[in-house]
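Student: Plus 85 on top of the position in the sequence shown (first one is 1) and you've got my numbering.
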Amino acid sequence: MLDLVTIPCLADNYAYLIHDPATGQTAVIDVPEPGPILAALSARQWQLSHILITHHHDDHIQGVDTLRERTKAQVLGAAADAHRLPRLDIALAEGDSLRIGAETGAVIDVSGHTLGHIAFHFPQSRLLFTADSLMAGGCGRLFEGTARQMHASLQKLAVLPPETLVCSGHEYTASNLRFALTLEPDNSQLISRVAEVAEKRAQGRPTVPATLAVELATNPYLRAHLPALKTAVGLPDAEDVVVFAEIRSRKDKF
Ligand code: FE
Ligand code: ZN
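1) In the stretch 131-200, which residue ranges form an unbroken beta strand (DSSP E) of at least 3 residues, counting only runs that do not cross its ends?
2) Beta-carbon within less than 6 Å of T258's beta-carbon, same chain only, minus the 5 sequence neighbours each way: which residues are those?
3) Please confirm whether any heavy atom of the ligand ZN lies closer than 8 Å to the CB of H142.
4) If H202 sits next to N98, beta carbons under 8 Å apart, how far is it from one beta carbon to the other, in whole angstroms?
5) Hey, is G225 close to the ligand FE, as in C-beta under 8 Å from one of its heavy atoms?
6) By Cβ distance below 7 Å, which residues in the same chain neighbour L170 in space, the five residues on each side in sequence not counted?
7) Would you tell me roughly how many angstroms separate the C-alpha atoms of H82 and V192, rounded to the nearest one?
8) By how many angstroms is the C-alpha of D322 removed from the C-alpha of L89?
9) Which first and last residues belong to the alpha helix (DSSP H) in which H343 is found?
10) With a threshold of 8 Å, are at least 3 pairs of Cβ atoms found where one atom belongs to the stretch 176-186 and the other to the stretch 106-121?
11) In angstroms with no decimal places, state the Cα-to-Cα distance between A313 and L275.
12) Rounded to a whole number of angstroms, what is the C-alpha to C-alpha distance between N272 and L307?
13) Using the rule of at least 16 other Cβ atoms within 10 Å of the residue's Cβ for burial, across every protein chain shown, is P305 buried or exposed?
14) Could you compute how far the alpha carbon of T231 sits from the alpha carbon of A107?
15) Which same chain residues, not among the five before or five after C94, have their C-beta less than 7 Å away from its C-beta?
16) Would you report the Cα separation of S334 and F205, rounded to the nearest angstrom?
17) Between the alpha carbons of A125 and W131, how many angstroms are there, rounded?
18) Excluding the five sequence neighbours on either side, which residues of its own chain have a C-beta within less than 6 Å of the C-beta of L301, listed in chain order?
19) Please name the residue, chosen from G225, P294, A317, D166, that lies closest to T267 on a Cα-to-Cα basis.
20) Nearer than 8 Å: is that true of the beta carbon of G254 relative to any heavy atom of the ligand ZN?
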């Protein structure tokens, strides 16, 4: 099993470390800034071997070059994004796999927030790194892709084992859940998640990762197929993707 470390960066970003104790191999997922990641590595005396990039936005990649220089780690990211990412040592596409120590990770295309956004799934350790695709209680804004693309991307994640830990890229959970409550004010799991999240934030703790089971029960973007959500947005007979698009566009105005 891989060890997981959640690292707050910048104002509301997260980077993650995964570490294989047997081989010492260590990867970081996204590099909003190098400082907190170097500190987390040195506190554990871990050597960084891999830098995994999810998408091209500055707040996920701006520390990559410094971190590469300091650690000599290999940089992996989407081939589709290679023209707008730091130099890649390995360019990835959906279906590719990568190894961190004894574990094999799978690359999943989750375009929608951006085109070329990828997620990393480590099934043995039940870890899923989603950045700005599936987020705690929400999903990323549609900057480059369509609602249909994001819906299809999230559907690929929704079928993974429910105990999977979803490690997403930002601390947006409280506001995501506030929006979710406008759609499902009577969802008891959502109501208790709101309380748990408020408590964690009051203690200055991250609200990520969360299990996929919790997301399936409370995240409106994974619930567009349910009659309750369709009715909540006034589209009782619409296709799932149309309901999804309506939910996403309501959030933009929320
Ligand atoms: Fe982003
Ligand atoms: Zn982001």
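Heads up, the beta-carbon is just placed ideally off N, CA and C, and yes, glycines get one too.
Tutor: Walking through what the data contain:
1) 135-137, 159-163, 175-177, 182-185, 188-194
2) A distance below 6 Å between beta-carbons, with the five flanking residues on each side excluded, links T258 to the following residues of its chain, in chain order: A221, G222, V282, T292.
3) For H142, the shortest separation between its Cβ and any heavy atom of the ligand ZN lies below 8 Å.
4) That pair is no contact at about 15 Å.
5) Shortest gap from the CB of G225 to any heavy atom of the ligand FE: under 8 Å.
6) I138, H141, I146, G162
7) Lying outside 86 to 339, the shown extent of the chain, residue 82 is not represented and no answer is given.
8) 42 Å
9) A query on residue 343 cannot be resolved here, the shown segment of the chain reaching from 86 to 339 and no further.
10) The answer is yes - the stretch 106-121 touches the stretch 176-186, with three or more Cβ pairs under 8 Å.
11) 14 Å
12) 14 Å
13) buried
14) 42 Å
15) A100, P117, E118, P121
16) 27 Å
17) Taking the straight line joining both Cα atoms gives about 8 Å.
18) Contacts found: L307.
19) Of the listed residues, the one whose Cα sits closest to T267 is A317.
20) yes
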